[in-house]
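**Q** Here it is, the structure in full.
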Amino acid sequence: MPAPQQENPLRGLPPDPFARPFLTAANGELLVHRRRPDGAVETLWRDRLVDGSESTTLTDGKFVPSRSEIAALVGSFAGVVSYPAKKVMHRFDQAGGEHAVEFIPRGAGRHGGPHLVLACSEGDYLGLRVFDLSKKDGLRPVQQLRLPSSHALHWDEPTRSLWALGTNVFPRVRHDPPLKAVHGELRRYPVGDSGAGPLGEPTVYRLRDSPKVPGYKDDWRDGPHDLLLLPDTRTFLISTDLDVFQFDIHTADPNRTPEENFTPARHGVLKGFTPRRPKDGLGSIKAMSLSPDGKDLLIAQADDDFYSTHLVSYRLDTQVRSDLQLPYKTYKARWFTAPDVESY
């Protein structure tokens, strides 16, 4: 059961969403925190994965309840650790710019498994690498798929498919005008019995043509960051450098225009959300996570180009927000859903 929520005497807003455990990393350590009633940030669990500097933080992390494990990207570490035992179960070499990790359970198709998928935003692979955790030589990917600037992954059990977020070409444009227009892509990869690997041919949903990101010396175009499913409505939230969009799985059609499939979340799910830095709007949101009860949205919006020392919990039904200041920088943060989290 999730840890009970506590009263929040600092704000008079019972209950305090940050009394719920959340996952971050700093200085090479994977960390589970919560906020105590006195406002202090309490560490419930920690595991040093690499020797790290201040920027060695959480690139991604997800608790896998069926295995009591955490799939994590922290600095140069990419792999799986047991919780709470802190044993490294699997470790993989990084290809370059790993930004997301996802677990595909055993039994999804004829290709063995379970599988772990890493999304690489740059480097030789330029996309997705799929590993079979049941194989003795599981350090070698069983499938590699091109998806430039791939940043986010989500396993969807009802449709037995992997959703992945990236772009059609790398969003750093070295020619003006661009040799090819940049746009984001949301792809749904079915997992089944056909094909040479676990992931089949994708259905591709194209986002709008990517505008320039202001303030950069290089000609960077708007690119994706995170992907979050709101299960009650079957709606994805998709954050980019400049905005957040929502995508309705029920009504989406790859033959429709990007404007029909992807609508601004500021007019919908996030209509009442006020960014910490209004000049950024809903841009620079690196991570979004939904609480187990489906009510609180955890948001990490960068203070600078990449990292945040400030987390926001936004109540979807009441539009009430709570803020938390971290004593370090993190790239992402996730609600931590392991049962019976206890202080060590």
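Its first residue numbered -1, the sequence shown is counted upward by one per residue in the numbering used here. Just so you know, even glycine gets a beta-carbon here, dropped at the ideal spot from N, CA and C.
Measuring only the C-alpha atoms, how far is Asp130 from Pro139?
**A** About 7 Å.
**Q** Could you tell me whether the region 38 to 56 touches the region 328 to 336, where touching means 3 or more Cβ pairs closer than 8 Å?
**A** Yes, they touch.
**Q** What residue range does the alpha helix (DSSP H) around Glu40 cover?
**A** Careful: Glu40 lies outside any alpha helix (DSSP H), inside the beta strand (DSSP E) at 39 to 46.
**Q** What ranges does the beta strand (DSSP E) occupy inside the region 113 to 173, keeping only unbroken runs of at least 3 residues that lie completely in it?
**A** Taking only runs of at least 3 residues, the beta strand (DSSP E) segments lying wholly in the region 113 to 173 are 113 to 118, 125 to 130, 141 to 144, 150 to 154, 159 to 165.
**Q** Can you tell me whether DSSP reads Arg264 as helix, strand or coil?
**A** Residue state, collapsed to three classes: helix.
**Q** How far does the beta strand (DSSP E) with Pro394 in it extend, from its first residue to its last?
**A** It is not possible to answer for residue 394, since the shown part of the chain is limited to -1 through 342.
**Q** On the three-state DSSP scale, how would you describe Phe75?
**A** If DSSP states are grouped into helix, strand and coil, Phe75 belongs with the strands.
**Q** Evaluate Thr41 with the Cβ neighbour count: other Cβ atoms within 10 Å of its Cβ, from every protein chain shown; 16 or more gives buried, anything less gives exposed.
**A** With fewer than 16 Cβ atoms within 10 Å of its Cβ, Thr41 is classed as exposed.
**Q** Could you tell me whether the region 234 to 247 touches the region 213 to 222, using the rule of 3 or more Cβ pairs below 8 Å?
**A** Contact between the region 234 to 247 and the region 213 to 222 is present, because at least three Cβ pairs lie under 8 Å.
**Q** Cutting at 7 Å between CB atoms, please list the residues of its own chain near Gln92, excluding the five before and the five after it.
**A** Ser74, Ala76.
**Q** In three-state terms, what does DSSP make of Asp278?
**A** Of the three classes helix, strand and coil, the one that applies to Asp278 here is helix, per DSSP.
**Q** Whole angstroms are fine: how far does the CA of Pro169 sit from the CA of Leu124?
**A** Cα to Cα, the separation comes out at about 12 Å.
**Q** In three-state DSSP terms, what is Phe90?
**A** In this structure, Phe90 counts as coil in the three-state DSSP scheme.
**Q** By Cβ distance below 6 Å, which residues in the same chain neighbour Glu27 in space, the five residues on each side in sequence not counted?
**A** Hits under 6 Å: Arg44, Arg46.
**Q** Let me know the secondary structure DSSP gives Phe304 once reduced to three states.
**A** Phe304: coil per DSSP, three-state reduction.
**Q** Can you look up Ala346 in the DSSP assignment and give me helix, strand or coil?
**A** What the structure shows of the chain is the stretch from -1 to 342, and residue 346 is not part of that stretch, so it cannot be assessed.
**Q** Short of 7 Å in beta carbon distance, which residues of its chain neighbour Pro82, apart from the five on each side in sequence? Order them along the chain.
**A** Taken in chain order, the residues that qualify are Trp43.
**Q** Considering only residues of the same chain and omitting the five flanking positions on each side of Asp122, which have a CB-CB separation below 8 Å?
**A** In this predicted model, Asp122 has a pLDDT of only 42, less than 50, meaning its place in the structure is not dependable; the value taken from the coordinates is given anyway. Closer than 8 Å at Cβ, skipping near neighbours: Ala93, Gly94.
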